[in-house]
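Remarks on the structure that follows.
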Amino acid sequence: MLVPPPRQDHPQPCPPEPDPPQSATTGERIPEVGENDESSPGAQTSRPQADTAELVAAIEKKIADLVDRQRERTRLETRVRGVPELNHITKYAVNIAKDQKPRDTITYLRRTDITPVKGSKRSSEMAELARDYHNDLQADGGDVEPALRFQAKNEALNSLPPLGTNVNMTPLDEKLSEEDVLLALLEAAPGKAAGMDGFATEFWNLAPDSKP
117 MLVPPPRQDH
127 PQPCPPEPDP
137 PQSATTGERI
147 PEVGENDESS
157 PGAQTSRPQA
167 DTAELVAAIE
177 KKIADLVDRQ
187 RERTRLETRV
197 RGVPELNHIT
207 KYAVNIAKDQ
217 KPRDTITYLR
227 RTDITPVKGS
237 KRSSEMAELA
247 RDYHNDLQAD
257 GGDVEPALRF
267 QAKNEALNSL
277 PPLGTNVNMT
287 PLDEKLSEED
297 VLLALLEAAP
307 GKAAGMDGFA
317 TEFWNLAPDS
327 KP
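Here our numbering is used: the first residue of the sequence shown is 117, the next is one more, and so on.
Rendered as structure tokens:
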């Protein structure tokens, strides 16, 4: 009769894994195929993009930290100097009590013609909103047929109020002489350009034959 072998409660030890190959000259570990391969397309595109994103994030965080430190320093200076100086007429107290006028004429700008609605109080973001709105207006209607465009143009011109019948058009019909042009140049304000040629008024005043 066959007798089964005795049961072993303890697991059998696994054979040790072979050591990774090493260089015979330097003793360094040799990377496997496809590992840290800089020639692969993924390694060439993903790694530089990741490094750039990390660098941008680090710079933005540093800028935010510097702004916070500057604001905290201003608040601390206000608390320290406020007690002895705000109760007296000093230059610091006058500057603190002065009305702070906004640098921008427009304090808030919002676009309601897009979804979602965008708005901002920052100068740079308001400039971007205005630029995008202008570009959208320029691109709008680019595929309109010439006949419809001509019709819309005529409708817009016809909607303007006509000139009155009592307008004196006689001075506008007179032709200008060279003497009139020279007189206009000599009477221009100093430092002003004379026209498309770019010569300033001082050039015509100093020219020997500019006098009519």
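Glycine included, C-beta positions come from ideal geometry on N, C-alpha and C.
Predicted model only: the values in this text are computed from it and were never measured.
Check: Whole alpha helix (DSSP H) runs in the stretch 188 to 232 with 4 or more residues, listed along the chain?; Outcome: 207 to 213
Check: Inspect the beta-carbon positions of Lys237 and Tyr224 and report whether they are closer than 8 Å.; Outcome: yes
Check: Kindly give me the distance between the Cβ atoms of Leu302 and Asn274, rounded to whole angstroms, as I take these residues to be in contact under 8 Å.; Outcome: So it is not a contact: roughly 43 Å between Cβ atoms.
Check: Near Lys214, what residues of its chain come up, given a Cβ to Cβ distance below 8 Å and the 5 sequence neighbours on each side ignored?; Outcome: none
Check: How far does the alpha helix (DSSP H) with Ser239 in it extend, from its first residue to its last?; Outcome: Ser239 to Ala255
Check: Are the CB atoms of Arg227 and Leu253 nearer to each other than 8 Å?; Outcome: no
Check: I need the boundaries of the beta strand (DSSP E) containing Lys234, first residue and last residue.; Outcome: Lys234 to Ser236
Check: Mind checking which residues open and close the alpha helix (DSSP H) that includes Leu273?; Outcome: Pro262 to Asn274
Check: In this structure, does DSSP put Asn284 in helix, strand or coil?; Outcome: coil
Check: Please report how far the alpha carbon of Thr194 lies from the alpha carbon of Asp248, in whole angstroms.; Outcome: 40 Å
Check: Assign Leu301 to one of three DSSP states: helix, strand, or coil.; Outcome: helix
Check: Note down the Cα distance separating Asp181 from Leu171, rounded to an integer number of angstroms.; Outcome: 15 Å
Check: Between the alpha carbons of Val283 and Asp289, how many angstroms are there, rounded?; Outcome: 12 Å
Check: Quick one: Cα of Lys339 to Cα of Arg219, how far?; Outcome: Lying before the first or after the last residue shown, residue 339 is absent from the chain, which here runs from 117 to 328.
Check: Is it buried or exposed, Ile222, if we count other Cβ atoms within 10 angstroms and call 16 or more buried?; Outcome: exposed
Check: If you draw a straight line from the alpha carbon of Ala305 to that of Glu318, how long is it in whole angstroms?; Outcome: 9 Å
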